[in-house]
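Under numbering that gives the first Met the number 0, read the sequence shown as residues 0 to 299, first letter to last.
Even for Gly, the Cβ is constructed at its ideal location relative to N, Cα and C.
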Amino acid sequence: MAQYSRLAMPEVEFVVQDRCVLGECPNWDAENNRLLWADILGQKIHALSLDTGARESWSFESEVGCFGLTDQGRWVIALKSDVILFNPATGVREKIAEVDGGNAMSRTNDGKIGPDGAFWVGTMDQNAEKQPVAGLFRVTGEGAVEHKVGGVKISNGLAWSPDGRFMYHSDSRGPWVNRWSFDAQSGEISKCVRFLDLDDTLGRPDGAATDVEGCYWSAGVSAGNLNRFAPDGTLLLSIPLPVPNPTMPCFGGLDMKTIFVTSHSENYDAQKLKDHPDAGKVMALRVDVAGVPVMRFREA
Numbered sequence: 000m001a002q003y004s005r006l007a008m009p010e011v012e013f014v015v016q017d018r019c020v021l022g023e024c025p026n027w028d029a030e031n032n033r034l035l036w037a038d039i040l041g042q043k044i045h046a047l048s049l050d051t052g053a054r055e056s057w058s059f060e061s062e063v064g065c066f067g068l069t070d071q072g073r074w075v076i077a078l079k080s081d082v083i084l085f086n087p088a089t090g091v092r093e094k095i096a097e098v099d100g101g102n103a104m105s106r107t108n109d110g111k112i113g114p115d116g117a118f119w120v121g122t123m124d125q126n127a128e129k130q131p132v133a134g135l136f137r138v139t140g141e142g143a144v145e146h147k148v149g150g151v152k153i154s155n156g157l158a159w160s161p162d163g164r165f166m167y168h169s170d171s172r173g174p175w176v177n178r179w180s181f182d183a184q185s186g187e188i189s190k191c192v193r194f195l196d197l198d199d200t201l202g203r204p205d206g207a208a209t210d211v212e213g214c215y216w217s218a219g220v221s222a223g224n225l226n227r228f229a230p231d232g233t234l235l236l237s238i239p240l241p242v243p244n245p246t247m248p249c250f251g252g253l254d255m256k257t258i259f260v261t262s263h264s265e266n267y268d269a270q271k272l273k274d275h276p277d278a279g280k281v282m283a284l285r286v287d288v289a290g291v292p293v294m295r296f297r298e299a
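So, in structure tokens, the structure goes:
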């Protein structure tokens, strides 16, 4: 592997002191200058106003695998298998689809709104010994569900290139990242190539984001790293984080140069929680490049 930059521990701010069991899916809500994120196993979505420091949270009836913002001011949320539209102001919920509901082994996991305006939802095997029974699904505003990728253990790492021509997708237990050619009009994917093969040295690939230079930022969940890869797959930067298990980065802030990173404390025993008191918290760090804004779900 070519030489890359290994930073010293960066200046990291913990934006909240609450600990999630499985913090995931940070979303930047630019219109309200706030950060949203999920605690999947806590069955909640949390919000933090960067203007006032005000906190809010919303509870749901099952795991919150992933979610995104819509073009009508609502959120689209993948619960364990149901996909709903949710109005955070009123609490009104509307089911629009079901993803892999007949698969008792799976639940939803990483997901994101694509350049096509659809909700791309991954699933994962819930069992300890992960099997390739999960996949990746595309959900439209009309509620149509299309199975896109199969044979996955833990679907993760969704992100798109700045021009929307490529989609990145990982299997955390592959552990690999693939790149697909992407049609932003139709949502069709084609010409899959292996982008990265990873291990526990840099960290298995969890959630991801892209920057305006076309680089792919991956949370190295098993190594406590945030890794930046060039469009050709070259490792450019590996940033050690002050938690063992970072789960997903998200660009935000007024200039889109703040990276928010969620983390987890799942399966930590009392000693590990004592040794790592910040595990499960949400971090923020400044970088020199702006991120690509995530699209909004196109409601019917």
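Cβ contact annotation for Ala229 (same chain, cutoff 7 Å, sequence separation greater than five): Cys214, Leu235, in chain order.
Nearest C-alpha to Ala88 among Gly100, Ser56, Phe118: Ser56. A distance below 6 Å between beta-carbons, with the five flanking residues on each side excluded, links Leu284 to the following residues of its chain, in chain order: Pro9, Val11, Ile258. Under DSSP, the beta-bridge partners assigned to Ile112 are Phe118. Assignment of Lys190 by DSSP, reduced to helix, strand and coil, places it in the strand class.
As a beta-bridge residue in DSSP terms, Thr107 pairs with Thr122.
As DSSP reads the structure, Arg33 sits in a beta bridge with Asp28, Ser48. For Met255, the closest C-alpha among the options Gln71, Asp28, Val14, Ala133 is that of Asp28. Counting other Cβ atoms within 10 Å of its Cβ, Ser58 stays below 16 and is therefore classed as exposed. Bridge pairing for His168: Asn177 [DSSP].
Where Leu40 is concerned, there is no enclosing beta strand (DSSP E), because DSSP gives it neither an H nor an E. In this structure, the alpha-carbon of Glu23 lies about 8 Å from that of His263.
Residue pairing from DSSP places Lys94 in a beta bridge opposite Ile83. By the criterion of a C-beta distance shorter than 7 Å, Ala222 is surrounded in its chain by Asp199, Thr200, Leu201, Gly202, once the five residues flanking it on both sides are discounted.
Per the C-alpha coordinates, the member of Ala96, Val242, Gly290, Leu253 positioned closest to Lys273 is Val242.
Scanning Pro245, Gly290, Ala133 for the CA closest to the CA of Arg18 turns up Pro245. Non-local beta-carbon contacts of Ala46 in its own chain, meaning distances under 6 Å to residues more than five positions away in sequence, involve Arg33, Leu35, Glu55 in chain order. Here Leu240 has Val11, Gly223, Asn224, Leu225, Val260, Met282 as same chain residues with Cβ atoms under 7 Å from its own Cβ, once five neighbours each way along the sequence are excluded. Asn177 and Gly110 have their C-alpha atoms roughly 15 Å apart. Counting the other Cβ atoms within 10 Å of the Cβ of Gly251 gives 16 or more, which makes it buried.
For Asp205, the enclosing beta strand (DSSP E) begins and ends at 204-209. Shown here for Pro292: not one same chain residue has a beta carbon closer than 6 Å to its own, the five before and five after excluded. Residue range 269-274 is occupied by the alpha helix (DSSP H) that includes Leu272. Residue burial annotation: Ser171 is buried, with at least 16 other C-beta atoms found within 10 angstroms of its C-beta. Cys65 has its alpha-carbon roughly 13 Å from the corresponding atom of Gly41.
Look at Pro241 here: in three-state DSSP terms it is coil, with no helix or strand label. The straight-line gap separating the alpha-carbon atoms of Asp268 and Lys129 is approximately 22 Å. Assigned with DSSP and collapsed to three states, Lys256 falls in coil, not helix or strand.
In this chain, the beta strand (DSSP E) harbouring Ala158 covers 154-159.
Non-local beta-carbon contacts of Val288 in its own chain, meaning distances under 8 Å to residues more than five positions away in sequence, involve Asp210, Val211, Glu212, Cys214, Lys256 in chain order.
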